[in-house]
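Protein chains in written order, with this note's numbering: chain A, 374 to 499; chain B, 45 to 652.
C-beta: ideal position from N, C-alpha, C; glycine also.
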Amino acid sequence: MPKLTSLDDLKALRTQLKKDIKARTETGTTITVGMGTCGIAAGARETMQAFLSELAEREIDAQVVTTGCIGMCHEEPLVDIQQGDGPRITYGKVHPDMVPRIVEEHLAQGQAVDKWVVGRLTQEEE
Amino acid sequence: MAERYRADVLVSCLHGRSPELIPALEEEIEQRGLSKEVRVVETGCRGFCTMGPVVTIQPEGVFYIKVQPADVPELVEETLIKGRVVKRLTYKEPSTREKIPTYQDIPFYGKQMRIVLRNCGMINPKSIDEYIAVDGYQALGQVLTSMTPEEVIEEIKTSGLRGRGGGGFNTGRKWAATRRAEGDIKYVIANGDEGDPGAFMDRALMEGDPHAVLEGMIIGGYAVGAQEGYIYVRDEYPLAIENLTTAIEKAREYGLLGKDIFGSGFDFEIKIVRGAGAFVCGESSALMQSLEGKIGEPRAKHIHATDRGLWDRPSCLNNVETWANVPHIINGGGEWFASIGTENSKGTKAFCLVGKVRNPGLIEVPMGITLDEIVNDIGGGAPKGREIKAVQTGGPSGGCIPAHLLDLPVDYESLSEAGSMMGSGGMIVMDDRTCMVDIARYFLEFLRDESCGKCVTCREGIKRMLEILTDICQGRGEPEDIDHLEELAETVQAASLCGLGKSAPNPVLSTLRYFRDEYDAHVVDKFCPAGVCRDLVSFYILSDQCVGCGVCVKVCPQDAISGERKEPHVIDQSKCIQCGACFDACRFSSITVKSRSETQAEAQPMPA
Chain A
374 MPKLTSLDDL KALRTQLKKD IKARTETGTT ITVGMGTCGI AAGARETMQA
424 FLSELAEREI DAQVVTTGCI GMCHEEPLVD IQQGDGPRIT YGKVHPDMVP
474 RIVEEHLAQG QAVDKWVVGR LTQEEE
Chain B
45 MAERYRADVL VSCLHGRSPE LIPALEEEIE QRGLSKEVRV VETGCRGFCT
95 MGPVVTIQPE GVFYIKVQPA DVPELVEETL IKGRVVKRLT YKEPSTREKI
145 PTYQDIPFYG KQMRIVLRNC GMINPKSIDE YIAVDGYQAL GQVLTSMTPE
195 EVIEEIKTSG LRGRGGGGFN TGRKWAATRR AEGDIKYVIA NGDEGDPGAF
245 MDRALMEGDP HAVLEGMIIG GYAVGAQEGY IYVRDEYPLA IENLTTAIEK
295 AREYGLLGKD IFGSGFDFEI KIVRGAGAFV CGESSALMQS LEGKIGEPRA
345 KHIHATDRGL WDRPSCLNNV ETWANVPHII NGGGEWFASI GTENSKGTKA
395 FCLVGKVRNP GLIEVPMGIT LDEIVNDIGG GAPKGREIKA VQTGGPSGGC
445 IPAHLLDLPV DYESLSEAGS MMGSGGMIVM DDRTCMVDIA RYFLEFLRDE
495 SCGKCVTCRE GIKRMLEILT DICQGRGEPE DIDHLEELAE TVQAASLCGL
545 GKSAPNPVLS TLRYFRDEYD AHVVDKFCPA GVCRDLVSFY ILSDQCVGCG
595 VCVKVCPQDA ISGERKEPHV IDQSKCIQCG ACFDACRFSS ITVKSRSETQ
645 AEAQPMPA
């Protein structure tokens with residue numbers, strides 16, 4: 374570890390380290406991966422890991438959480454993305470290959486990938 | 045590239061209980077193939093002490109209490125894999141019997157305001173990286189690169205921060221005095237000799253957020269013009285010493301201690317000195333004597349330590365909690381800090397809430413909150429629906445505040461007016477099963493053992509007062525004893541050199557002030573209303589109220605209680621040792637305390 378010789382060094386180091394404790398800070402974006410038995414069997418673990426590494430690589434602020442089966446087992450792996458108070462958008466049959474495009478278009482550009490969306494929940498409906 | 049995890053499992057409050065918990069968690073996570081997604085972090089105290097070991101799973105904030113290694117497979121399976129809450133491990137609110145899965149919603153945390161304890165239980169205290177990630181050392185960087193020492197002192201003055209060790213002296217003024225003092229070599233010292241029975245705020249801070257203490261000291265060192273800092277920690281705190289040592293090594297490695305910090309030309313070093321755990325060494329002048337390697341005895345303070353302290357050099361001594369407040373003040377600004385609290389007491393204070401409350405633990409509240417809110421809302425009131433009789437603050441030097449004054453705001457002045465003091469932050473709650481004479485006796489016993497013996501009044505006076513109190517508790521008290529106690533108390537207060545002696549009579553004086561009737565009961569009626577002083581009481585079962593449930597039979601250590609099931613039971617007075625276990629256990633209030641002398645008179649006289 375090189376010594377910190379200026380305030381800028383500290384700031385640079387902090388920016389880097391903040392990512393390390395991401396799970397403990399508010400980000401406003403939650404990615405929920407369905408990880409019931411049905412989800413895991415359909416490959417949800419690989420999908421989730423793809424999200425984790427994609428987020429880390431692109432340095433995007435988002436929390437990845439897991440949940441159980443929500444009943445739409447034929448569409449697993451299911452991934453919900455919710456940004457702030459916005460609608461909760463659900464993607465179905467998310468293969469790890471699809472993750473980079475979802476992250477790019479939905480999270481980076483703010484445009485959901487409509488052709489993979491299987492459901493939308495707004496706050497009132499919930 | 046930093047590793048990204050989807051969940052952090054924060055484990056705290058191990059304190060020797062289940063050290064296997066962390067390896068068990070790690071192993072289970074590894075076996076389930078989650079080690080790339082989930083990380084286990086050992087953190088400092090979260091304050092919810094009776095509930096430990098406590099596990100918090102972030103980002104959801106799922107909060108599990110009393111987690112044992114055997115719970116690990118279920119916890120990992122349900123929560124980390126399936127995202128479900130394991131209900132049986134969640135906290136149950138005693139008043140509503142409702143299970144609360146996330147820690148943000150638990151009332152114990154709801155009323156608190158965590159500034160100085162903010163990082164305790166949230167970061168790994170052994171990792172400087174995690175401290176930096178939560179804006180650690182930002183204040184130091186700002187101070188060293190853009191502020192003059194005078195500006196730093198001015199900021200601390202604006203904040204209104206006062207010493208958190210008990211005295212409550214204005215920190216900014218102390219710093220200014222040290223800065224003004226003549227001399228090239230100056231010291232800053234952190235007082236981590238926490239001696240009050242039942243108090244552990246400083247330990248939690250040193251264990252849970254050691255870098256905050258270091259950062260505060262480095263800033264203080266810069267402000268007063270010191271080159272060296274000492275942390276005086278008692279040797280009973282091995283984990284505090286370990287974490288502080290690691291923190292100092294890491295800070296040195298990162299260039300945050302040593303020469304030319306942040307390229308500012310400012311050099312600073314911090315050393316840890318272990319104390320042998322003498323209560324009197326928490327007193328500033330005795331602490332400095334001990335630091336110098338001499339016997340820890342206080343000396344006269346005609347000259348302030350800010351002029352001539354450690355090795356006769358100007359020294360700025362503050363409590364650990366005071367130091368840990370400094371980085372937060374610099375980051376948030378003095379005015380922000382001054383906006384919290386009351387007119388003369390600013391900011392927050394950490395307290396150790398112990399004794400007869402449902403939720404004992406380490407808490408932090410804004411100044412000016414009432415004792416009632418602390419005891420009843422955060423502490424959850426007295427267990428078993430008993431009544432709270434008094435709250436003792438300030439440790440052995442403090443005093444007891446009776447229940448009718450519980451709406452008193454917590455600040456330096458209000459507590460002093462009520463005959464107690466802020467102290468370092470111990471808060472002992474007492475219910476109607478606590479005898480106030482016995483409490484005074486307990487504290488004097490502690491002080492007699494801890495008096496250094498330098499002043500006759502303290503050495504002999506406390507001893508004599510203790511003898512009188514012991515007599516009263518054992519039924520040998522005379523009415524004039526209370527006058528003697530008051531006279532002795534005044535003398536000890538007036539003629540002792542240091543804070544220990546000067547405040548030693550406080551437990552007696554404050555209990556006399558508010559609970560005179562209990563003293564009178566002991567002396568005149570030879571009776572202890574709380575049923576604590578064994579020589580004065582006998583326990584009887586009220587036969588018309590006893591339902592014969594047999595609970596008292598089970599708890600009696602002497603097998604003195606007998607009776608048929610569902611029939612009234614009887615205590616065999618010849619076997620009873622007056623421990624009161626049955627009295628506490630009975631759920632039907634059918635056991636009563638009577639004066640021993642009265643009942644003996646009623647009983648048949650023994651043959652001569």
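C-alpha gap between residue i and residue j, whole angstroms
i: R247 (chain B); j: A368 (chain B); result: 12 Å
i: E530 (chain B); j: G399 (chain B); result: 27 Å
i: F571 (chain B); j: T366 (chain B); result: 45 Å
i: F490 (chain B); j: P440 (chain B); result: 8 Å
i: S203 (chain B); j: E195 (chain B); result: 12 Å
i: F395 (chain B); j: C442 (chain A); result: 44 Å
i: V454 (chain B); j: Y464 (chain A); result: 54 Å
i: D279 (chain B); j: F632 (chain B); result: 46 Å
i: T420 (chain A); j: S426 (chain A); result: 10 Å
i: A625 (chain B); j: D434 (chain A); result: 57 Å
i: D382 (chain B); j: T123 (chain B); result: Inspection of the sequence shows that residue 382 (chain B) is occupied by Ala rather than by Asp. Approximately 42 Å, taken between the alpha carbons.
i: E199 (chain B); j: G377 (chain B); result: 7 Å
i: I413 (chain A); j: D470 (chain A); result: 16 Å
i: Q102 (chain B); j: R50 (chain B); result: 8 Å
i: A423 (chain A); j: I404 (chain A); result: 12 Å
i: I109 (chain B); j: G242 (chain B); result: 22 Å
i: K507 (chain B); j: Y153 (chain B); result: 42 Å
i: A256 (chain B); j: K218 (chain B); result: 20 Å
Neighbourhood of residue i by C-beta distance below 7 Å, restricted to the same chain and skipping five residues each side
i: Y456 (chain B); result: R206, G212, N388, S389 and M466
i: V120 (chain B); result: E72, I73 and R76
i: N168 (chain B); result: V85, E86, T87 and E174
i: E611 (chain B); result: G592
i: E417 (chain B); result: K155
CB contact below 8 Å: residue i versus chain A
i: Y298 (chain B); result: yes
i: Y181 (chain B); result: yes
i: T189 (chain B); result: yes
i: A177 (chain B); result: yes
i: K80 (chain B); result: yes
i: E653 (chain B); result: Only positions 45 to 652 of chain B appear in the structure, and residue 653 (chain B) is not among them; the question remains open.
i: F632 (chain B); result: no
i: F244 (chain B); result: no
i: F306 (chain B); result: yes
i: G185 (chain B); result: yes
i: R50 (chain B); result: yes
Beta-bridge pairing of residue i - partner residues as DSSP gives them
i: S461 (chain A); result: The amino acid at residue 461 (chain A) is misidentified as Ser; the sequence shows Arg. A:Q455 and A:L494.
i: C396 (chain B); result: B:L406 and B:G470
i: G319 (chain B); result: B:R278
i: E272 (chain B); result: B:Y231 and B:E313
i: V84 (chain B); result: B:V53
i: L361 (chain B); result: B:I233
Same chain, Cβ closer than 8 Å to residue i, neighbours up to 5 away in sequence not counted
i: K619 (chain B); result: Q602, D603 and A604
i: M157 (chain B); result: I384, T392, E408, V409 and P410
i: I263 (chain B); result: A183, L184, V187, V196, V370, P371 and I374
i: D616 (chain B); result: A604, I605 and S606
i: T289 (chain B); result: I316
Contact with chain B by residue i, beta-carbon distance below 8 Å
i: D458 (chain A); result: no
i: D453 (chain A); result: no
i: L494 (chain A); result: no
i: T439 (chain A); result: yes
i: M445 (chain A); result: no
i: G409 (chain A); result: yes
Beta-carbon contacts of residue i that lie in its chain and below 6 Å, excluding the five residues immediately before and after
i: P573 (chain B); result: A565
i: Q518 (chain B); result: D579
i: V467 (chain A); result: T420, P450 and V452
Check: Which residues, in order along the stretch 255-286 of chain B, keep a beta-carbon less than 9 Å from a beta-carbon of chain A?
Finding: Within the stretch 255-286 of chain B, no residue qualifies.
Next item on the list: Anything in the stretch 92-104 of chain B with a Cβ closer than 7 Å to a Cβ of chain A? List those residues in chain order, please.
Entry: Hits within the stretch, in order: Q102, P103 and E104.
Notebook entry, point to check: When you check each C-beta in the stretch 108-128 of chain B against every C-beta of chain A, which residues fall closer than 7 Å?
Noted result: Residues passing the 7 Å Cβ filter: I125, K126, G127 and R128.
Notebook entry, point to check: Between the stretch 479-504 of chain B and chain A, which residues of the former have CB atoms less than 8 Å from a CB of the latter, in chain order?
Noted result: Listed by position along the chain: nothing, the set is empty.
Next item on the list: Mind checking the stretch 468-484 of chain A against chain B and listing, in chain order, the residues whose C-beta falls within less than 7 Å of any C-beta there?
Entry: Closer than 7 Å at the C-beta level to chain B, one finds no residue of the stretch 468-484 of chain A.
Notebook entry, point to check: Going along the chain, which residues of the stretch 376-394 of chain A sit with their C-beta nearer than 7 Å to a C-beta in chain B?
Noted result: Answer set for the stretch 376-394 of chain A: K376, L377, T378, S379, L380, L383, L386, R387, Q389, L390, K391, K392, D393 and I394.
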